[in-house]
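Below: one structure, written as structure tokens.
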Amino acid sequence: MSFGNDLLLSVEDLKVFFHSDGVVSRAVDGVSYEVKEGETICLVGESGCGKTVSALAILGLVPQPPGEIPGGKILFKGKNLLDLDEETLQDIRGREISMIFQEPMTSLNPVFTIGDQIEEAIITHEAVNKDEARRRAIELLIDVGIPSPEERSKDYPHNLSGGQRQRVMIAMALACKPDLVIADEPTTALDVTIQDQILHLFKELKEKRQMALLYITHNLGVVAEIADRIHVMYAGIFAEVGNVEQIFRDPCHPYTMGLLASLPSRSRKGDPLYSIPGAVPDPAYKPLGCPFNPRCPYVQESCKAEFPEMCDFGDDHFARCPITYKEKKGK
Amino acid sequence: MIGVNRKIGVNEKSFPTPSEGGVLEAPKKTLFQENWGLFRKNRLAMAGLMIFVIFFIIAAASVFLTSGRDPIFDPALVRLQEKLRPPLAKPKLETLKPEEVPKLGIYLFGTDDLGRDVFSRMLQGAWVSLTVGFVAVGISVVIGVFLGGIAGYYGNKRIQVGHLLSPVLLIGGVIGLVYGQTGEGLFLLLFGLGVALLLLFPWNERGGQRIPAGLSILFVNLFSVDLLIIGLIDIMLCFPSFFLILTVVALLPASIYNIMIVIGLTSWMGAARFVRAEFLSLREQDFITAARALGVSNWRIIFRHMVPNAMAPVLVSATIGIANAILIEAALSFLGFGVPPPHATWGNILSKGKSFIFDAPWLTFVPGFAVLIVVLAFNLFGEGLRDVLNPKLKERH
């Protein structure tokens, strides 16, 4: 699947905190990952575990204040994005890194036609005239599979269905041929058949355009279909990192196991659907030790005392759980 | 035997399926068409719009009809022998020179105490009312959108000591230079410039260039931009605006432009508040984040993405604002602070007419009714617009 092995994005120990009323919410608490050219990386996790914030941080879109990035590096093609000023960042956004949002219903400006909005994406970064921009906008609409693109380009967002709007969002994100596209739960707001179409569109476009994809989702079914590498996120840290095979066949973190067990396809007919007890901890009041320990079925005393290290299970498969590590490697 | 030949009410073939090439079309209606459809149902608002359009055409035409060397309707032509003729009266042709005969053949609205044709004067006044209304509201909307937009978008930004200090020093320096205190003026100017440069210097906290300890007082946060602008709005609202306008107009030379500017400068607060409120909610919308993620600049986001979305309430308040500006101008002219006398305005026709109210009631009633009808029309139009543009009120129609 991957086209090159050049490192495109490397996030090192990124932290994003939010301050409110004297309380510090550690939304992202030290994550590191790499995206190579043409690769698809998935960030998986429940709502509120820091997936979206870590993506916004890459584009420098975390509102500061109340947000704060107290540490870490985001190296994109060797430059640390956190050190760049707003103007340089504006130039990178949309041209080299672009983003697709969760809610296609609200992510398009209601007062402009979709053609105008795609053109704007092009004109913002490239010195092209109006006709050229229009021609490319229509090409993009064809690429993302909108029928009769010339007529559609004159439509307003409210004339389009959710799936079509998401296609338009994708067209806008691809307008300047970015090297990296961040997709933040792009199929969550769509129904299942449309989800499937959009996923196929992503796969098709990725192969055609050789772009890297950072795909954020809470849907493990989606992940299995497109990911090269999976990062399971929990409470602002990575619980487990591995490829599709490793995560689905041999989950090593109790949280990943819980997520997999709660997939409807994995439970037997008639049995109640499994769900992980409890909820994601408040990012301002995380439990001591392993953040997953209050919900973990294999919890031991040491889990409540010390923060777990990332354990190497071999073959680029890591999980932040010394308990399973001892169990598996002790065998 | 029950139900053997039950007919099924749905003809399955009537549903187009995507495989047959039936593309499911959303109803093709632009936002404007939708709103216009709703607006048309509101009879009063439509009447208001009609009157507004007629008034606009008449006022625009009046410029050509009443000005120039030899106007068709001369508002300044004095015919003393024809003074205080009632409306619809025929001119006494034997006493008039041929060029003094009104072009309509009758005095449609009568004549005033100098024998001037009230119809011509009303036409000239219509243009004054129209321009005052539109220009004053134009000024107030521009100021309101700008200040409201900044308060709404950059509201969280903090004003620092230096931000206040540097303009004060610069202004002080300029005043010093103007009044001949060259040395002190230059010193203040340079000092102000220095402060401004210090503020603009890219102090990068991560890059290691820390702000020197002695200068840190310049960077003490005082209050937010939002608070500054809201404070300005509240202060402006504290003044009884008509008396403020009266005072300013009394000090300035009487001219139509001064009146427009003064009305504009004292009536932007409503627009600013509306825009600020809209911006506060728009700022959090997904499509604004999406535009930022595309690398669109802040100014472009404000003026291209947010202002058009925030215009609905501004449009409504502007329409009603035009009515207000026309009223204020008429009131100023009535009190004698308005456009200087040879030029006719509805207010000064009314003002002059009041001395003849029993002998020549048309001199007060004609301009009075004109003001009433135009202001009413604008208010009805504005309210109709509000009903249409406010989604919560849409269901009523």
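Keeping their order, the protein sequence lines are chains A and B.
Numbered per this note's numbering, the first sequence spans residues 65 to 395.
Numbered per this note's numbering, the second sequence spans residues -5 to 391.
Every residue gets a Cβ at the ideal spot worked out from N, C-alpha and C, and that includes glycine.
Does the beta-carbon distance from Leu265 (chain A) to Ala235 (chain A) come in below 8 Å?
-> no
Start and end of the beta strand (DSSP E) containing Gln154 (chain B)?
-> 152 to 154
Residue environment, Asp379 (chain A), which counts as buried when at least 16 other CB atoms sit within 10 Å | exposed
What three-state label does DSSP hand Thr177 (chain A) in the structure shown?
-> coil
Mind checking Pro341 (chain A): buried by the 16 CB within 10 Å criterion, or exposed?
-> In the assembly as shown, Pro341 (chain A) is an exposed residue. Its beta-carbon has fewer than 16 other beta-carbons within 10 Å.
Straight-line Cα distance separating Leu145 (chain A) from Gly225 (chain B) | 38 Å
Through-space distance from Gln310 (chain A) to Phe165 (chain A), alpha-carbon basis | Whole-angstrom Cα-Cα distance: 28 Å.
Min CB distance Gly143 (chain B) to chain E below 8 Å = No chain E appears in this structure, whose protein chains are A and B.
What separation, rounded to the nearest whole angstrom, lies between the Cα atoms of Thr170 (chain A) and Thr177 (chain A)?
-> Taken atom to atom, the span from the alpha-carbon of Thr170 (chain A) to that of Thr177 (chain A) is near 14 Å.
Going by Cα to Cα distance, which pick from B:Tyr147, B:Ser311, B:Asn318, B:Val301 is closest to Met254 (chain B)?
-> B:Asn318
Grab the span of the beta strand (DSSP E) containing Cys106 (chain A) for me, first residue to last.
-> Per DSSP, the unbroken beta strand (DSSP E) holding Cys106 (chain A) starts and ends at 104 to 108.
Consult DSSP for Asp111 (chain B) and reduce its assignment to one of helix, strand or coil.
-> strand
For the region 299 to 332 of chain B, which residues have a beta carbon sitting closer than 8 Å to at least one beta carbon of chain A?
-> Within the region 299 to 332 of chain B, the residues whose Cβ lies closer than 8 Å to some Cβ of chain A are His299, Pro302, Asn303, listed in chain order.
Using a beta-carbon distance cut-off of less than 9 Å, what residues from the region 27 to 56 of chain B approach chain A?
-> none
Taking only beta-carbon atoms, is Met321 (chain A) less than 8 Å away from chain B?
-> no
Look at the Cβ atom of Ile280 (chain A), then the Cβ atom of Leu263 (chain A), and state whether they are nearer than 8 Å.
-> no
Glu6 (chain B) to Cys360 (chain A) span [Cα, whole Å] | Residue placement at Glu6 (chain B) is poorly supported in this model, since its pLDDT is 43, which falls under 50; the coordinates are not used for a value here.
Starting from the beta carbon of Ser218 (chain B), find every residue of chain A whose beta carbon is closer than 8 Å, and list them in chain order.
-> By Cβ distance, chain A contributes nothing, its closest Cβ being about 11 Å from Ser218 (chain B), past 8 Å.
Using the Cα positions of Ile165 (chain B) and Ser56 (chain B), report the straight-line distance between them to the nearest angstrom.
-> 45 Å
Out of B:Gly127, B:Leu74, B:Phe375, B:Leu78, which has the shortest C-alpha to C-alpha gap to Thr89 (chain B)?
-> Closest option to Thr89 (chain B), Cα to Cα, is B:Leu74.
Run through the region 14 to 94 of chain B for me and flag every whole alpha helix (DSSP H) of 4 or more residues, listed as ranges in chain order.
-> 25 to 35, 37 to 60
Per-residue contacts from Leu288 (chain B) into chain A (C-beta, under 7 Å) = Arg157, Gly158, Ser162, Ala185, Thr188, Met236
Tell me whether Ala324 (chain B) counts as near the ligand SAH, meaning its Cβ is closer than 7 Å to at least one heavy atom of that ligand.
-> Looking for the ligand SAH in the displayed structure turns up nothing, as the structure carries no ligands at all.
With 16 other Cβ atoms within 10 Å as the buried cut-off, status of Ala343 (chain A) | exposed
Chain A contact residues for Asp68 (chain B), given Cβ-Cβ distances below 8 Å = Those do not exist, as Asp68 (chain B) stays about 48 Å from chain A at its closest Cβ, beyond 8 Å.
Looking at the structure shown, is Met275 (chain A) part of a helix, part of a strand, or coil, going by DSSP?
-> coil
Just the C-alpha distance for Leu379 (chain B) and Met300 (chain B), rounded to the nearest angstrom, thanks.
-> 20 Å
DSSP three-state call for Glu215 (chain A): helix, strand or coil?
-> helix
Under 8 Å Cβ to Cβ from Ser218 (chain B), same chain only, skipping five residues before and after it: list those, please.
-> The beta carbon of Ser218 (chain B) sits closer than 8 Å to those of Gly149, Asn150, Lys151, Arg152, Ile153, all from its chain and outside the five residues before and after it, given in chain order.
Skipping 5 residues on each side, what residues in its chain have a beta carbon closer than 7 Å to that of Ile202 (chain A)?
-> Pro213, Glu214, Ser217
Unbroken alpha helix (DSSP H) runs of length 4 or more, entirely within the region 325 to 386 of chain A: which are they?
-> If one requires a minimum length of 4 residues, the alpha helix (DSSP H) runs lying completely within the region 325 to 386 of chain A are 365 to 369, in chain order.
Return the bridge partner residues of Asp248 (chain A) from the DSSP annotation.
-> A:Ile280
Per DSSP, Leu274 (chain B) forms a beta bridge with which residues?
-> Answer is none; Leu274 (chain B) lacks a bridge partner.
Neighbour-count burial assignment, Ser211 (chain B), 16 or more Cβ in a 10 Å radius = The identity of residue 211 (chain B) in the sequence shown is Ile, whereas the question assumes Ser. Answer is exposed; the Cβ neighbour count stays below 16.
N- and C-terminal bounds of the alpha helix (DSSP H) containing Leu379 (chain B) = 356 to 383
Using a Cβ-Cβ distance under 8 Å, would Ser84 (chain A) count as near chain B?
-> So no, Ser84 (chain A) is outside the interface.
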